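In our numbering, the protein residues as written are 63 to 519. Quick reminder that beta carbons are idealized off the backbone N, C-alpha and C, glycines included. Fair warning: this is a prediction, and the values are worked out from it, not measured in the lab. What follows is a short report on a single structure.
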Amino acid sequence: MKTKLPSQSNSHEKSSVFSAVSPATPASLPQAETLREKIGQVVQLEGMVYRVRRMSGFAFVTLRAGNQLFQCVYEREQADFPLSLLEEEAVVRLWGLVRQEPRSRAGFEILLRRCQRLSGPTSPLPASVSGKKLDLGLETLLDLRPLTLRRMEQQAIFRIQAALCQGIREFLQAHEFTEIHTPKITASGAEGGSTLFELNYFGKSAYLAQSPQCYKQAMVGVFPRVYEIGPVFRAEKHNTSRHLNEYVGVDLEMGFLNHYSQLMELETALLQSVFVRLRQLCPEELGLLGVEIPEIGQIPALSFEEAKALLARHGLNRPGSLDLEPQEEKLLCQLSAEETGCELLFVTGHPAAKRPFYAMETPERPEYTESFDLLFRGLEITTGGQRIHEYSAQVEKMERMGLNPADFSSYLAAHRHGLPPHGGLGLGLERLTARLLALPNLRQASLFPRDQQRLTP
Numbered sequence: 063m064k065t066k067l068p069s070q071s072n073s074h075e076k077s078s079v080f081s082a083v084s085p086a087t088p089a090s091l092p093q094a095e096t097l098r099e100k101i102g103q104v105v106q107l108e109g110m111v112y113r114v115r116r117m118s119g120f121a122f123v124t125l126r127a128g129n130q131l132f133q134c135v136y137e138r139e140q141a142d143f144p145l146s147l148l149e150e151e152a153v154v155r156l157w158g159l160v161r162q163e164p165r166s167r168a169g170f171e172i173l174l175r176r177c178q179r180l181s182g183p184t185s186p187l188p189a190s191v192s193g194k195k196l197d198l199g200l201e202t203l204l205d206l207r208p209l210t211l212r213r214m215e216q217q218a219i220f221r222i223q224a225a226l227c228q229g230i231r232e233f234l235q236a237h238e239f240t241e242i243h244t245p246k247i248t249a250s251g252a253e254g255g256s257t258l259f260e261l262n263y264f265g266k267s268a269y270l271a272q273s274p275q276c277y278k279q280a281m282v283g284v285f286p287r288v289y290e291i292g293p294v295f296r297a298e299k300h301n302t303s304r305h306l307n308e309y310v311g312v313d314l315e316m317g318f319l320n321h322y323s324q325l326m327e328l329e330t331a332l333l334q335s336v337f338v339r340l341r342q343l344c345p346e347e348l349g350l351l352g353v354e355i356p357e358i359g360q361i362p363a364l365s366f367e368e369a370k371a372l373l374a375r376h377g378l379n380r381p382g383s384l385d386l387e388p389q390e391e392k393l394l395c396q397l398s399a400e401e402t403g404c405e406l407l408f409v410t411g412h413p414a415a416k417r418p419f420y421a422m423e424t425p426e427r428p429e430y431t432e433s434f435d436l437l438f439r440g441l442e443i444t445t446g447g448q449r450i451h452e453y454s455a456q457v458e459k460m461e462r463m464g465l466n467p468a469d470f471s472s473y474l475a476a477h478r479h480g481l482p483p484h485g486g487l488g489l490g491l492e493r494l495t496a497r498l499l500a501l502p503n504l505r506q507a508s509l510f511p512r513d514q515q516r517l518t519p
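Set out below in structure tokens:
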């Protein structure tokens, strides 16, 4: 006989021991527009004390709530709590009267009445986040990251970065890309070599993913277009302003590709759309940082050979070089901006010797590949190109490069069962953010950067 569960509608039956959680709408963060409509009313605000300026007989208290600052006024005869509760970075719940104040940027201020202190600093702050200038070196700035990120200019960097991700997702999903999430612990590397972080995986060797490359290629046999925004790990022993050992990659792969130039067209349209969306989502943050978002029309392109010839004509001649050095990338962007007015530049057809095993070689010139890089304000932000999709061609290239196809059996399984012609690209989120905001060091575009020396905070 089945046991009948008590019915909620029958008040005479015994109620269940499992109580339902009543749905509740999360409280909205206060907005200046909403508070402006409540002049003459008492409101409740929650946030953190950003700044306290003591005056004769009263104090101005700036409350940080989300990405907004609200001017409050403390007058002892109006408040039923001591001013000492409102020290910098104290977390508080405040009640106060909204009153008109034309001299305030928002057009109003809040006369404080009550305060509930929720928490606060337990020792003197090592740095003030509310001063006119955060006069700290980069290493100290990063050491104190949980505190220094509270500064409005620092917040703005990552609000803009979040908006970049939002714009990217909106564009790709509107163009029929499916978001995927691939493993970050793998049995082998997508690119191999010495840039793999090895770890012990239950007694077996495993590695942190250098890229979602192998998985996103397999997925174009499932979904014709896929993308992922996720962490990438590179054990490169660089100690420069241009490199991180963990960064966020924006990776996409596109099936039924006719030519890799389609990827360049896609990325151009992507950046055009994202930059328009950024202006809509982050006008205050862009204004605070003094950022000018570039207008993008058609992005100019040079072949690798053309780029090298142009550099030689301007005094940077490195015969036999198979890659672009940092100073070469900077000069190419400078020359392109002067001639075309565009701060971005595609460099196409890179040498096969510097591209991974999955890069498709140019049929009539196999020493070059069907690939491209995108440079932005002197820094490579994207690498992309067409991949080898035929099983026999991929095996042949692996063997030619001295690789054992048996070591790539999992990767080759997708090829063995048929893959459409495809290609893709990888865009570094921190690199895009840093170049867009003219940040001198990539670490400034990472919340908690990881490099050779930095494992905390």
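Secondary structure of His484 (DSSP, three-state): strand. Within the same chain, Cβ atoms closer than 6 Å to the Cβ of Pro183 are found at Glu151, the five residues on either side in sequence being excluded. Taking Ser185 as reference, the option from Ser323, Glu149, Val284 and Asn320 with the minimal CA-CA separation is Glu149. In the structure shown, Gln324 falls within a helical segment according to DSSP collapsed to helix, strand and coil.
Using a 10 angstroms sphere on the CB of Phe318, the tally of other CB atoms stays under 16, which defines it as exposed. Within the DSSP bridge table, the entry for Asn262 names Ser267 as partners. Annotated three-state conformation of Pro293 is strand, per DSSP. For Met110, the three-state secondary structure derived from DSSP is strand. The way I'd put it, the region 235 to 244 doesn't touch the region 191 to 211; fewer than three beta-carbon pairs between them come closer than 8 Å. Apart from sequence neighbours up to five positions away, the residues of its chain that approach Glu232 with a beta-carbon distance below 7 Å are Arg339, ordered along the chain.
Burial check for Arg165: the Cβ neighbour count within 10 Å stays below 16, so the residue is exposed. Per the DSSP secondary-structure output, Val153 pairs in a beta bridge with Met110 and Ser181.
Between Arg417 and Ser433, the beta carbon gap of about 6 Å places them in contact (Cβ cut-off 8 Å). Note on the region 152 to 227: whole beta strand (DSSP E) runs with a minimum of 3 residues are 153 to 162 and 170 to 181, in chain order. Nearest Cα to Thr248 within the set Gln178, Ala374, Leu494 and Tyr473: Tyr473.
The alpha carbon of Glu442 has as its nearest neighbour, out of Asn307, Lys392 and Glu354, the alpha carbon of Lys392.
According to DSSP, Val135 shares a beta bridge with Phe122 and Leu173. In this structure, Leu372 and Val409 do not form a Cβ contact; the two beta carbons are roughly 10 Å apart against a cut-off of 8 Å. In the same chain as Leu351, and ignoring 5 residues on each side of it, the C-beta atoms closer than 7 Å to its own belong to Glu215, Ala218 and Leu499, in chain order. Cβ atoms of Ala86 and Gln130 stay farther apart than 8 Å, at about 23 Å. Taken in chain order, the whole alpha helix (DSSP H) runs of length 4 or more contained in the region 363 to 388 are 366 to 375.
Secondary structure of Thr302 (DSSP, three-state): coil. About 16 Å separates the beta carbons of Gln140 and Ile101, which is beyond the 8 Å limit, so they are not a contact pair.
If you draw a straight line from the Cα of Val288 to the Cα of Asp435, it is about 20 Å long. Approximately 5 Å separates the beta-carbon atoms of Leu173 and Val135; this is inside 8 Å, confirming the contact. In the structure shown, the three-state DSSP call for Phe318 is coil.
Per the DSSP secondary-structure output, Ala421 pairs in a beta bridge with Arg449. By a beta-carbon distance limit of 8 Å, Gly265 does not contact Gly292. Their separation comes to about 27 Å. Rounded to whole angstroms, Glu347 and Ala271 show a C-alpha spacing of 33 Å.
Counting along the chain, the unbroken beta strand (DSSP E) around Arg427 starts and ends at Arg427 to Thr431. Contact check for Gly486 against Leu314 passes: the beta carbons are separated by less than 7 Å. Excluding residues up to 5 positions away in sequence, Thr244 lie with their Cβ nearer than 6 Å to the Cβ of Tyr277 in the same chain.
The distance from the Cβ of His484 to that of Met326 is about 15 Å, inconsistent with a contact at the 8 Å cut-off. Distances from the CA of Gly490 to each of Pro502, Arg167, Gln223 and Arg155 were compared; the closest alpha carbon is that of Gln223. Counting the other Cβ atoms within 10 Å of the Cβ of Leu437 gives 16 or more, which makes it buried. Inter-residue distance for Thr124 and Arg113 is about 5 Å (C-alpha atoms, whole angstroms).
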